[in-house]
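The listed protein sequences derive, respectively, from chains A and B. Final position of the first sequence in my numbering is 333; the numbers increase by one with none missing. Final position of the second sequence in my numbering is 276; the numbers increase by one with none missing. A quick write-up on the structure given underneath.
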Amino acid sequence: MLERTACRRLVLLWMLAASVKAVAADRPIVELEIRNHLFHPAEILMPAHTKVKLIVYNRDPTPEEFESYELNREKVIMGGQRAIIFIGPLAPGEYPFFGEFNPNTAQGKIIVK
Amino acid sequence: MLLNTVIIILREVLEAALLISILLAMSRRLRVDPRWLPLSLLLGGAVAVLVGTQMRGISELLDGVGQEVFDAFLQLAIYVLLLCVAVLMIRSYYSQNTVPGGIAAAMGAAVTLAVIREGSEIYLFLSAFSADPDLRPGVLSGAFIGAGIGFSIGALFYYFLLALPRRTTLAVACVLMTLVAAGMCIQAAQLLIQADWLPAQSSLWDTGNWLPEGSVSGQLLYALVGYEASPSPVEVGVYFSAALLMVALLFWARYRAEAGGRKGERDRAASTP
């Protein structure tokens, strides 16, 4: 009897570990595009307290630097290249970001709810 | 385009310029041959262009976080070199005549790496936007103005350090180097968090309303002490451990140098009857 409970517990633990690992591997993915020095979409929604994988596609021929003081992120994205940036977990709120090489036009924000 | 270029170039140049002015002031005080500076600027500039041209490949490495990891390791290497410079500085200050040979090499290597880090971004920006004939005049004049302001601030800082009394210069330089070095580590930590190599956490506090990172003073503090408005526990831990390690090494080097000095005096006293 005792052995059986222990066995069941082990299986339960293994399932829990497996599910946590699956969650880690399947981080929510949010995609963003840079076209003509503009972010599309300029506003993105993200769940609160969750780590998100942000993929930024730079469709322009020129490089851009994704930058945000609020998110503590900066990354150069070469023309025609895509970049992966991990973001969060974040508290609900608004987090602006911009393209450092074209800050007049390339503006956007992440809205965390 | 002019104003944007000024800001971008100034931001990149400022960090390197402040580090150079601290090291150059100490080099002057300790009578180290300053030839390491032009050599490291040339070498750093050349490698920066190379890194800039290879940025596409570097970014693709390590599942797309090659850029973060590369930059983080540059920052950590600068930290280690600054540790060496600080210890050698203390040693040469107390040993009066002899200047340790490694100090010029360590200073030069630190500046080379800083120039690679900041210069590759400048190269990418300039090469992309000065190719457009409409933007070229604004980009080029903006780059000259930005670099001019950055180096002027560095020069002012250099003369300020040299105007201090000799003993104070060493103390101020040690404090500044500790803060700059800890700033390098917090930047490295931030890059590794971005790459998902270090755990991402919620921030401990947020001073962004009080002193925004994007403001002029925020940028100056960022360049000098690695100011971060909303740091996470990992970043704060890294910053203070890096600073503490450097302070401990500095005091250890001073203790060793003073003990060595006393021993030297005793030996001299014993040999002269």
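Each residue gets a CB set at the ideal place from its N, CA and C atoms; glycine is no exception. Note that the structure is a prediction, hence the values are computed from the model and not measured.
- DSSP links Val272 (chain A) through a beta bridge to A:Ile307.
- As the crow flies, the alpha-carbon of Gly328 (chain A) is around 13 Å from that of Leu274 (chain A).
- Annotation: Val114 (chain B) to Leu310 (chain A) spans about 36 Å, alpha carbon to alpha carbon.
- Inclusion of Gln204 (chain B) and Val237 (chain B) in the CB contact set at 8 Å is warranted, their separation being smaller than that value.
- For the C-beta of Arg293 (chain A), the chain B residues within less than 7 Å are, from N- to C-terminus, Gln197.
- Taking each of B:Val35, B:Ser98, B:Leu46, B:Trp200 in turn and checking the Cα distance to Ala262 (chain B), the smallest one comes out for B:Ser98.
- Here Val183 (chain B) is near Ile25 (chain B), since their CB atoms are less than 8 Å apart.
- The C-beta distance from Arg293 (chain A) to Glu285 (chain A) rounds to 10 Å, too long to fall under 8 Å, and the pair is not in contact.
- Separation of the CB atoms of Gly211 (chain B) and Val118 (chain B) is rounded to 30 Å, and the pair is thereby denied contact status at 8 Å.
- Between Glu18 (chain B) and Glu121 (chain B), the beta carbon gap of about 6 Å places them in contact (Cβ cut-off 8 Å).
- In terms of Cβ geometry, Val296 (chain A) and Glu63 (chain B) do not form a close pair [threshold 8 Å].
- Only residues of its own chain outside the window of five on either side were considered, and among them Gln327, Gly328, Lys329 have a CB closer than 8 Å to the CB of Ala262 (chain A), listed in chain order.
- Below 8 Å, enough C-beta pairs join the segment 189-201 of chain B and the segment 66-77 of chain B to call them touching: three or more.
- For Pro316 (chain A), the three-state secondary structure derived from DSSP is strand.
- Ala232 (chain B) and Trp208 (chain B) have their C-alpha atoms roughly 8 Å apart.
- Taking a C-beta distance under 8 Å as the contact criterion, Val88 (chain B) and Ala109 (chain B) qualify as a contact pair.
- The C-beta of Gly308 (chain A) has 16 or more other C-beta atoms within 10 Å across all chains shown, which makes the residue buried.
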